[in-house]
Amino acid sequence: MKDDRIKFDRNTPFQRALRDEVDAYFKANNLDPKGGAALARKAAFIIGWFLVSYAFSISGVLGTAGLFIGAVITGLAHAAIGFDIMHDGNHGAFSTSKAVNRWMGRTLDMVGGSSYLWRHKHNVMHHTYPNVVGTDDDIDVGGLARLAPEQPHYAAHRLQHLYMWGLYGLISVKWNFYDDFAQVAKGQIFTSKVPRPKGEEMVWFVIGKIIHFGWALVLPIALFGWGLGIAFYLVEAVVLGVTLAVVFQLAHCVEEADFTELPEGTVTELDFAKHQLATTVDFARDNKLVTWFLGGLNFQAIHHLFPKISHVHYPALSPIVERVCAEHGVAYRLNGGFMEALGSHYRWLKRMSIPPVAVPVVKPAL
Ligand SMILES: [Zn+2]
Numbered sequence: 146m147k148d149d150r151i152k153f154d155r156n157t158p159f160q161r162a163l164r165d166e167v168d169a170y171f172k173a174n175n176l177d178p179k180g181g182a183a184l185a186r187k188a189a190f191i192i193g194w195f196l197v198s199y200a201f202s203i204s205g206v207l208g209t210a211g212l213f214i215g216a217v218i219t220g221l222a223h224a225a226i227g228f229d230i231m232h233d234g235n236h237g238a239f240s241t242s243k244a245v246n247r248w249m250g251r252t253l254d255m256v257g258g259s260s261y262l263w264r265h266k267h268n269v270m271h272h273t274y275p276n277v278v279g280t281d282d283d284i285d286v287g288g289l290a291r292l293a294p295e296q297p298h299y300a301a302h303r304l305q306h307l308y309m310w311g312l313y314g315l316i317s318v319k320w321n322f323y324d325d326f327a328q329v330a331k332g333q334i335f336t337s338k339v340p341r342p343k344g345e346e347m348v349w350f351v352i353g354k355i356i357h358f359g360w361a362l363v364l365p366i367a368l369f370g371w372g373l374g375i376a377f378y379l380v381e382a383v384v385l386g387v388t389l390a391v392v393f394q395l396a397h398c399v400e401e402a403d404f405t406e407l408p409e410g411t412v413t414e415l416d417f418a419k420h421q422l423a424t425t426v427d428f429a430r431d432n433k434l435v436t437w438f439l440g441g442l443n444f445q446a447i448h449h450l451f452p453k454i455s456h457v458h459y460p461a462l463s464p465i466v467e468r469v470c471a472e473h474g475v476a477y478r479l480n481g482g483f484m485e486a487l488g489s490h491y492r493w494l495k496r497m498s499i500p501p502v503a504v505p506v507v508k509p510a511l
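For the sequence shown, this note's numbering gives the first residue as 146, with consecutive numbering after it.
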């Protein structure tokens, strides 16, 4: 779980200034850093959106067209559960109550993931080591693409800026049928050992899989037959996969982000906050709809600095953090709009599709 190649300093003057300014904001406005009633209302709306769109899809009122239109709308609601509810819950940011956070985190189990594996993979591996090649599982797609300069280049990568958009759609299918089961069976996620879930965690892993396969696959097949039932699952899962993958990529896998290669056998010391800010990029911060739907993941720099603060506070915190960064000479990286960030991700994929130039071996004159 720990990457021995890296040692983070977590108490620099820059980090103390960030913490002091953010604490001062909550004190001055008499606010709690957790989501509170505003997030509870939002979560209720999103769960309602998901249930109504799913019920509309499988009710068959508009026939086959309704089934597929409903699958697209359900897929978007499904992504919103991930961005806005389970993400805050699993970070302990939804509520001051541990039990509420745990239940909100478990919404992930009901929609096809595993909150237990997520907390290891996302809260520890990704949040501690974003864009660290060899530890951050989110930038490793098993050789299907080259996302960081240090990753090996294969011939097929020359077209990755074209084919990856299709593969993003299949991420959730792979997650449903392979990743979670393989990670529990092996007791390992990417390069890190993770204890197998035990007791209550294992029970919820199994219950979650039954609930998810029940609504996503078994019920649609029972109502519409094998062909349409599987097609419903695939449309819903592809909409979800593309939405999740693109949002992640726009924050970390763009031209503006750094990627960290660590030499083996030595320990590199880094300022924790500066590392997070160098590898994370905000986008579309003025777009209220994007901000609402993405659970503030377009303010990803704030999220990486303060993951235990709920996303409902990110728009107010971002100018404060940006000012502290400027005072300490630290770059705060951002893209303008959503399309600008999308273009930057495309250009990064294209840049990484080009094989690295081999350094000529200069032989000494004999
Ligand atoms: Zn997170």
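Where a beta carbon is used, it is the ideal one built from N, C-alpha and C, also for glycine. All of these numbers come straight from a predicted model, not from anything done at the bench.
Cα-Cα separation between residue i and residue j, rounded to whole angstroms
i, j, result
"Glu409", "Thr280", "13 angstroms"
"Leu415", "Pro452", "19 angstroms"
"Ala188", "Asp233", "11 angstroms"
"Leu487", "Cys470", "25 angstroms"
"Leu514", "Asn246", "With the chain running from 146 to 511 in the structure shown, residue 514 is simply not present."
"Ser198", "Asn156", "47 angstroms"
"Gly211", "Gly386", "21 angstroms"
"Val348", "Leu253", "14 angstroms"
"Asn555", "Gly332", "Since the displayed the chain opens at 146 and closes at 511, residue 555 lies outside it and no answer follows."
"Gly311", "Gly237", "33 angstroms"
"Leu379", "Ala390", "16 angstroms"
"Trp320", "Tyr313", "11 angstroms"
"Leu395", "Ala446", "12 angstroms"
"Lys243", "Lys495", "44 angstroms"
"Asp177", "Thr241", "9 angstroms"
"Asp149", "Ala216", "44 angstroms"
"Glu276", "Thr424", "Note that residue 276 corresponds to Asn in the displayed sequence, not to Glu. If you take the alpha carbons of Asn276 and Thr424, they lie about 6 angstroms apart."
"Val392", "Ser317", "14 angstroms"
"Glu485", "Ala461", "23 angstroms"
"Asp285", "Tyr274", "13 angstroms"
"Val502", "His302", "15 angstroms"
"Lys266", "Lys147", "12 angstroms"
"Glu346", "Gly353", "10 angstroms"
"Gly208", "Gly372", "14 angstroms"
"Ala382", "His449", "27 angstroms"
"Thr436", "Ala225", "11 angstroms"
"Glu166", "Pro297", "42 angstroms"
"Arg186", "Asn174", "21 angstroms"
"Phe322", "Thr336", "20 angstroms"
"Val351", "Ile192", "22 angstroms"
Nonlocal neighbours in the same chain, by C-beta distance under 6 angstroms from residue i, ignoring five residues either side
i, result
"Asp283", "His271"
"Asp324", "none"
"Gly180", "Asp233, Phe239, Ser455 and Val457"
"Met249", "Ile230, Gly234 and Phe239"
"Leu434", "none"
"Phe201", "Gly215"
"Ala183", "Val457"
Neighbour flag for residue i against chain C, beta carbons, 8 angstroms
i, result
"Asp285", "Among the chains of the structure shown, chain C does not appear; only one protein chain is present."
Proximity of residue i and residue j at Cβ, strictly below 8 angstroms
i, j, result
"Met309", "Ala290", "yes"
"Val399", "Ser498", "no"
"Thr219", "Phe195", "yes"
"His473", "Phe153", "no"
"His223", "Val256", "yes"
"Gly287", "Tyr299", "no"
"Leu163", "Ala361", "no"
"Tyr477", "Leu442", "no"
"Leu364", "Ile151", "no"
"Phe444", "Tyr459", "yes"
"Leu221", "Val384", "yes"
"Phe369", "Phe377", "yes"
Residue i Cβ short of 7 angstroms to ligand 2 heavy atom set
i, result
"His420", "Absence of ligand 2 is noted for the structure shown, with ligand 1 being the only ligands found."
Beta-carbon contacts of residue i that lie in its chain and below 7 angstroms, excluding the five residues immediately before and after
i, result
"Trp493", "Cys398, Val399 and Glu400"
Spatial neighbours of residue i in its chain, beta-carbon cut-off 8 angstroms, leaving aside the 5 residues before and after
i, result
"Glu295", "Val278, Phe404 and Glu406"
"Ala367", "Gly374"
"Asn268", "Asn235, His236 and Pro452"
Contact between the region 393 to 406 and the region 218 to 238 (3+ Cβ pairs under 8 angstroms): no
Cβ contact (3+ pairs, closer than 8 angstroms) linking the region 316 to 331 and the region 427 to 442: no
In chain order, each alpha helix (DSSP H) run of at least 4 residues that lies wholly inside the region 253 to 306: 260 to 263
The region 255 to 267 contacting the region 336 to 346, beta-carbon criterion three pairs below 8 angstroms: yes
Stretch pair the region 460 to 474 + the region 166 to 186: three plus CB contacts closer than 8 angstroms: yes
Length at least 3, wholly inside the region 381 to 422: the beta strand (DSSP E) runs in chain order: 413 to 416
Whole runs of the alpha helix (DSSP H) within the region 447 to 497, excluding any shorter than 4 residues: 459 to 472
Whole alpha helix (DSSP H) elements within the region 196 to 258, 4-residue minimum: 208 to 225, 232 to 235 and 243 to 255
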